[in-house]
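In what follows, a structure is listed as structure tokens, so that the remarks can point back to it.
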Amino acid sequence: EAGVTQFPSHSVIEKGQTVTLRCDPISGHDNLYWYRRVMGKEIKFLLHFVKESKQDESGMPNNRFLAERTGGTYSTLKVQPAELEDSGVYFCASSQDLGPSGGYTFGSGTRLTVV
Amino acid sequence: GENVEQHPSTLSVQEGDSAVIKCTYSDSASNYFPWYKQELGKGPQLIIDIRSNVGEKKDQRIAVTLNKTAKHFSLHITETQPEDSAVYFCAASKRGADGLTFGKGTHLIIQP
Chain A
1 EAGVTQFPSH SVIEKGQTVT LRCDPISGHD NLYWYRRVMG KEIKFLLHFV
51 KESKQDESGM PNNRFLAERT GGTYSTLKVQ PAELEDSGVY FCASSQDLGP
101 SGGYTFGSGT RLTVV
Chain B
116 GENVEQHPST LSVQEGDSAV IKCTYSDSAS NYFPWYKQEL GKGPQLIIDI
166 RSNVGEKKDQ RIAVTLNKTA KHFSLHITET QPEDSAVYFC AASKRGADGL
216 TFGKGTHLII QP
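Those sequence lines, one after another, are chains A and B. Residue 115 is where the first sequence ends in our numbering, and the numbering goes up by one at each step. Residue 227 is where the second sequence ends in our numbering, and the numbering goes up by one at each step.
Have a look at this one:
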């Protein structure tokens with residue numbers, strides 16, 4: 001079984017540009033989560049999809065971030081326009097069961113560097 | 116909201132010795148406490164978890180203890196091996212929450 005796939009693995013962009021991160025969850029997992037780790041800090045929850053619906057987006061930092069999951073399969077996270085403080089590692093996770101205790105499988109992450 | 120503190124930020128132990136990482140949480144409603152191991156270039160991987168109705172759980176060389184009264188939980192790794200070197204994260208969540216609240220991580224270094 002394929003795991004959670006994220007790409008690109010690395011992205012370096014200039015301040016003001018747009019970047020789109022993609023996450024392919026494990027097939028059949030209705031729950032998809034985005035997290036972010038800024039350098040040296042904790043991993044922070046961004047949002048949670050159940051199928052194509054946003055269940056909880058309380059962790060999204062501001063309206064420069066847009067997450068979508070059309071069709072309830074893969075998800076994208078767009079940052080537009082990117083700022084220096086957006087640099088960090090963005091993780092996606094998926095689970096079959098609802099909630100954190102449902103057993104997350106994390107992807108390897110996308111390391112975003114805004115210069 | 117929930118706040119999770121994790122200590123130490125870096126831990127260096129001799130191979131074969133034990134390692135202990137400690138976390139505290141602030142929300143008494145939290146009831147699920149997983150530990151994740153992150154190796155270089157990989158995503159966090161669940162290694163053990165505990166729920167609030169249990170005080171201790173063990174899986175081979177790894178154990179987790181939970182003290183609900185004091186609101187802290189700890190990861191214990193015995194007979195450490197080089198492959199245990201990684202960053203370890205504790206986390207907490209409560210029923211109905213969608214996401215996990217993580218600690219800042221502990222970089223565990225196993226010295227040969």
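Think of the CB as a built atom: it goes at the ideal place given N, C-alpha and C, for glycine as much as any other residue. As the structure is a computational prediction, the values presented were derived from the model and not from experiment.
CA nearest to the CA of residue i, picked from the options
i	options	result
SER141 (chain B)	B:TYR151, B:VAL119, B:PRO123	B:VAL119
PRO123 (chain B)	B:GLU130, B:GLY218, B:PRO227	B:GLY218
PRO100 (chain A)	B:LYS137, B:SER145, B:GLY131	B:SER145
LYS51 (chain A)	A:ARG64, A:LEU32, A:PHE45, A:SER58	A:LEU32
SER143 (chain B)	B:PHE188, B:ASP213, B:VAL202	B:PHE188
GLY59 (chain A)	B:LYS186, B:PRO159, B:LYS173, B:ALA212	B:ALA212
ASN63 (chain A)	A:LEU46, A:GLY71, A:GLN55, A:GLY72	A:LEU46
Test: residue i CB closer than 8 Å to a CB of chain D
i	result
PRO100 (chain A)	Among the chains of the structure shown, chain D does not appear; the protein chains present are A and B.
Limits of the unbroken beta strand (DSSP E) element including residue i
i	result
ALA67 (chain A)	65-68
VAL19 (chain A)	19-24
GLN226 (chain B)	221-226
ASP86 (chain A)	ASP86 (chain A) -> no beta strand (DSSP E), and no H or E assigned at all.
GLU14 (chain A)	From DSSP, GLU14 (chain A) is part of no beta strand (DSSP E); its letter is neither H nor E.
ALA134 (chain B)	134-140
LEU77 (chain A)	75-79
With 16 other Cβ atoms within 10 Å as the buried cut-off, status of residue i
i	result
GLU154 (chain B)	exposed
GLU42 (chain A)	buried
GLN121 (chain B)	buried
HIS10 (chain A)	exposed
PRO149 (chain B)	buried
Given 8 Å, three or more beta-carbon pairs between the region 22-40 of chain A and the region 85-101 of chain A | yes
Pairing CB atoms from the region 125-134 of chain B with CB atoms from the region 100-114 of chain A, are three or more of them under 8 Å?
-> no
Within 9 Å of chain A by C-beta, residues of the region 151-182 of chain B in sequence order = TYR151, GLN153, GLY156, LYS157, GLY158, PRO159, GLN160, LEU161, ASP164, ARG166
Evaluate the contact criterion for the region 190-202 of chain B versus the region 174-182 of chain B: three or more CB pairs, one atom per stretch, below 8 Å.
-> yes
Three-pair Cβ contact test at 8 Å for the region 204-214 of chain B versus the region 93-110 of chain A = yes
Using 8 Å as the threshold, is the region 77-84 of chain A in touch with the region 16-29 of chain A, meaning 3 or more CB pairs across them?
-> yes
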